[in-house]
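Contents: one structure, followed by commentary.
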Amino acid sequence: MIRTYAGHSTAAKSNELYRGNLAKGQTGLSIAFDLPTQTGYDADHELARGEVGKVGVPVAHSGDMRTLLDGIPLDEMNTSMTINATAAWLLALYIVAAEEQGVDQSLLQGTTQNDILKEYLSRGTYAFPPAPSMRLIADMVAYTVSEVPKWNPINICSYHLQEAGATPVQEIAFAMSNAIAVLDAVRERVDESLMPQVFSRISFFVNAGVRFIEEHAKLRVMGIVWDELGRDRYGVTDPAARRFRYGVQVNSLGLTEAQPENNVQRIVLEALAVTLGRNARARALQLPAWNEALGLPRPWDQQWSLRIQQVLAFETDILEYPDIFEGSIVMDGLVAELLEGARAEIAIVAEHGGAVEAVSYMKAALVDSHRERIRRIESGDLTVVGQNRFTETEDSPLTTDSEGGILVVDAETETQAKAALADWRERRDEAAVSAALDQLSATARDESANIMIPTIAAARAGATTGEWSQTLREVFGEYRAPTGVGEASGPIGDDDLREIRDEVERVSGALGRRLKILVGKPGLDGHSNGAEQIAVRARDVGMDVVYEGIRLTPAQIAASAAQEGVHVIGLSILSGSHRELIPAVVDALRAADVDSPVVVGGIIPDADVTALRNAGVAAVYTPKDFDLTAIMRDIVALVARHNDVPA
Amino acid sequence: MSDLTDGATLGARLRAGDLSAAPAALNLVENRSPASRVESANLLRETSPAAIGHDATGHLIGVTGPPGAGKSTLLSALVAAWRSDGRSVAVLAVDPSSKRSGGSLLGDRARIVVDPGDSEIFIRSTAAGEQLGGLAPATRAGAQALSVAFDVVVIETVGVGQSETDVADVVDTNVVVVQPGSGDVLQFLKSGIMETPDVLVVTKADLGQVALSARRDLSAALRSLGARQTEVISVSAIAPLSGIVELIAAIDTHWAGADVGPRRLQARRRHALADFLAEHGASGLRALGGRRTAMAWLDEQEPGVDVPGLTALLEAQATAGS
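Quick mapping for you: the protein sequence lines, in order, are chains A and B. So for the first sequence, the numbering used here puts the first residue at 16; every next one is plus one. So for the second sequence, the numbering used here puts the first residue at 459; every next one is plus one.
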């Protein structure tokens, strides 16, 4: 199946985009939701500021879902929804939209991502604590297995683990441990006789990096482990039901901002990892756009990625042969090696009490692996063409148009979304909504009841995404995931850091107390790898680091900076909402009488750098600034200058 | 000199109940430059019982326990409960330093969820610094200074052993937090490595039977040590909350029955010795004839002398003795 992950601005604009993509030969839908929708906030919530319609489409209620799917026959469509914490709610809206089209839920086909553990580990769009989140998932699985039987209720994602730094062994082991946690939770809520059917509905969403031979071996290993799990742990006797089914989005972590055209060949090679050998071939493939490290891709950029798949499928002979690795000594050796490593790692997670209990362990392990990867890029042990080697380049005609080769979302989107939301609330039956939410709350308190039923009722009644989530937050409580940085061990290449460490000591001595930095992630963006690596490196060079994790409001960042007496503030944003959020944070800091300099890191297009500097930002770092020690040197010098410490 | 680095001014602001002076006061006591040390002494003088005429009115509470016991989650719930009672709260969270580089990751405030617009809550993370396990001088000074302005001042530390003992020396009420199944705390208690806490909290009450039996074992251990007055409270700091109201009551009850004056006098003397040690190290301590002799000598000094005064007396004594 060929599709492109898409959605932005409004339901109407995204609908137009979907219809366009389907006309170009795409065979399914892949819906990207904006961060407020993914984390359960309405457009008028404080945390939604700057994020509405940015990385996907906002869907606040059944009316938005109806608009989004207008003219798309849902009985024929296969729809993938990248939605996790609020998956039960978005599936309910989808079911209601289908009802309105006259399509029975039993006919619906598609996938909700619905993998919460990787949100704690990597992606950050969780809403509730682990235990109730696992119950939501189990309820959804139990509901769909009988009522929406063609639906894949969960897509276990190893994808984001690799983005967070996972080695192939970690990617296999953590994903499989995650699947075990889900299946064990479902087992408590469905009849044992349904378990083979449940097992067969679980699919995976994996990553493929540029070391595509090893990556292919990884997928073969996942197939073996999955087959064994089905047979030995869940008693699935039918081999077909034990088949490892997966979709792929190839690696974004390795895509570079420097010489971004090179990303095209990376994407093609990564696509080979998941298509070359028939025995471990992906069911669905989506490719990122070449300019993802620069900003939001435009329709043309996405078309390019779609065409790559079409060339692979329709021009090459890749699909004409049986498995081309069968009997390969090299492939068998790689498979055996990864299998052994993965089994050992799965056993370690099990010793921690399973994946839910092992979130802290896994998170710290990922932060460590990612740090090692960055160290290898910094030292040149790992070559990244155009970034740390072969860096000389001609000017690129691809990035010289006025917008810098990316899509810019209209700033009016948020205002319009708020107005539309107010209008929706005005026109609906308030009493029906509050009765439905009361019922939802009661069901949430009752462990034995299935939460899908009142969720669908609330969707029909006209409740909003924020209201559904808030009702459950009140019952389940809120949660902050472990950051993993506290457990990260000391640096490996100590010698490289000696000089900068001496400088931190010298400046700290002159300041009278140790140089203290606040690393903050404003907004809803949960991609915390960059912030985590900056925090760990700042510690390793001798700074005191205050790192509070993701999802902070400008007011929270300002309060922390003031109370903690930090000398410098580092902000990280990857969602494209820097234009709104960074000036808001700077204003809040100044209002709290914090005059320490602010630096920003993230996916910041060149065109926005001047605006950020004008807003009072001292320095801006983007993915091409991969040398963290160089960033640290800048920061120390900045603090020294700001406090009149002589060089 | 700016008002934000002037110890006397900051002390006066705190005495007047100006909570917004807290960040600058902490910046000052953490600063080791000679000029700041003079100002820091002025701040301590300005906030001493001798200066204000009575013991500071803030309740000094220690919250200690092994890593993973759920201290931060518990503190989140406690802070929320104190705030809804209308009590202002300062939290000094002490994190262990990375030994290798001197840098540290101060992650604890991340887990204490508060309203950022609430000006009556102050949270400060501090690295334990070069202190071996114990409390940094800045934490002692900060706690004293803030206790004239805030209703509740919490010192949160990780681990049992030296840091826990040091906290017990500084605070009015020492709360130790353990999770069910942490047998080491039981051992520490029995062997006397750990001082008897004023209140013992068993977290994760939602675990049910395990938490109940942990509570029973700890109560038995405390009884066998003769510490019958130590309350053992079970809490669940995640939804649905339980035991928080009981815990706050136990902490208040302890404070009401505690002899705060002598306890704080003792704290000031230890504080002075810690400051002296930070400055003069082991050779300074030898000049005083060792820790025990130094403490005995301090016990003979006038109760009204403030910490900078006591430190100065120690320095004079060391010079005379060497």
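Don't be surprised by glycine CBs; every beta carbon is placed ideally from N, CA and C.
Judged by DSSP in its simplified three-state form, I618/A adopts coil rather than helix or strand.
Proximity of S583/B to chain A, defined by a Cβ-Cβ separation below 8 angstroms, is satisfied. E547/A is the residue among E547/A, L413/A, R216/A and G86/A whose C-alpha sits nearest the C-alpha of Y562/A.
For Q318/A, there is no enclosing beta strand (DSSP E); the enclosing alpha helix (DSSP H) covers residues P314 to F329.
Residue environment for R216/A: buried (at least 16 other C-beta atoms within 10 angstroms of its C-beta).
Listed in chain order, the non-local C-beta contacts of A539/B below 6 angstroms within the same chain comprise I702 and I706, local neighbours out to five positions each way being set aside.
Assignment of R529/A by DSSP, reduced to helix, strand and coil, places it in the coil class. Remark: C-beta atoms of P612/A and H657/A approach each other more closely than 8 angstroms. DSSP places D553/B in the strand class (E or B) of the three-state scheme. In summary, W305/A is buried, with 16 or more beta-carbon neighbours lying within 10 Å of its beta-carbon over all protein chains present. Looking from the CA of E520/A, the closest CA among M558/A, S484/A and T480/A belongs to M558/A.
Note that the region 516-534 of chain A touches the region 644-653 of chain A; at least 3 beta-carbon pairs, one per stretch, sit closer than 8 angstroms. With fewer than 16 other beta carbons inside 10 angstroms of its own, Q325/A counts as exposed. Ranked by Cα distance from L567/A, the options L37/A, T42/A and E66/A are led by E66/A. Along the region 626-671 of chain B, the alpha helix (DSSP H) occurs as fully enclosed runs of 4 or more residues at 641-649, listed in sequence order. Within the model, the alpha-carbon separation for W104/A versus V556/A is close to 45 angstroms.
In the displayed model, H712/B falls within a helix according to three-state DSSP.
Put simply, the CB of S605/B is far from chain A, with every gap to its CB atoms at 8 angstroms or more.
Shown here, T531/B sits in a helix according to DSSP, grouped into three states.
Secondary structure of T637/A (DSSP, three-state): coil. Residues of the region 479-494 of chain B with a C-beta atom less than 7 angstroms from some C-beta of chain A are P481, L484, N485, E488, N489, R490, S491 and S494, listed in chain order. Only residues of its own chain outside the window of five on either side were considered, and among them A573, A574, A576 and A577 have a CB closer than 8 angstroms to the CB of A607/A, listed in chain order. The C-beta of K165/A has fewer than 16 other C-beta atoms within 10 Å across all chains shown, which makes the residue exposed.
Contact annotation: in the region 36-58 of chain A, no residue has its CB less than 8 angstroms from a CB in chain B. Under the three-state reduction of DSSP, L397/A is assigned to coil, being neither helix nor strand. DSSP, reduced to helix, strand and coil, places I696/B outside both helices and strands of the structure shown, so it counts as coil. At a cut-off of 8 angstroms between C-beta atoms, A574/A counts as an interface residue with respect to chain B. Taking C-alpha positions only, T480/A is separated from R386/A by approximately 36 angstroms. For the region 663-678 of chain B, there are no residues whose beta carbon sits under 7 angstroms from a beta carbon of chain A.
The beta carbons of S148/A and T126/A sit about 18 angstroms from each other, so the pair does not count as a contact at 8 angstroms. Its chain contains G43, Q124 and G125 as the residues whose beta carbon lies nearer than 6 angstroms to that of N93/A, once the 5 sequence neighbours on both sides are disregarded; these appear in chain order.
Interface annotation, R686/B: not in contact with chain A, CB-CB separation never under 8 angstroms. Among the bridge pairs identified by DSSP, Q124/A is matched with N93/A. Where R202/A is concerned, the enclosing alpha helix (DSSP H) starts and stops at P183 to R202. Of all residues in the region 552-566 of chain A, those with a C-beta nearer than 8 angstroms to a C-beta of chain B are A553, R554, D555, V556, G557, M558, D559, V560, V561, Y562, E563 and G564, reading in chain order. Here P73/A carries a coil assignment [DSSP, helix/strand/coil].
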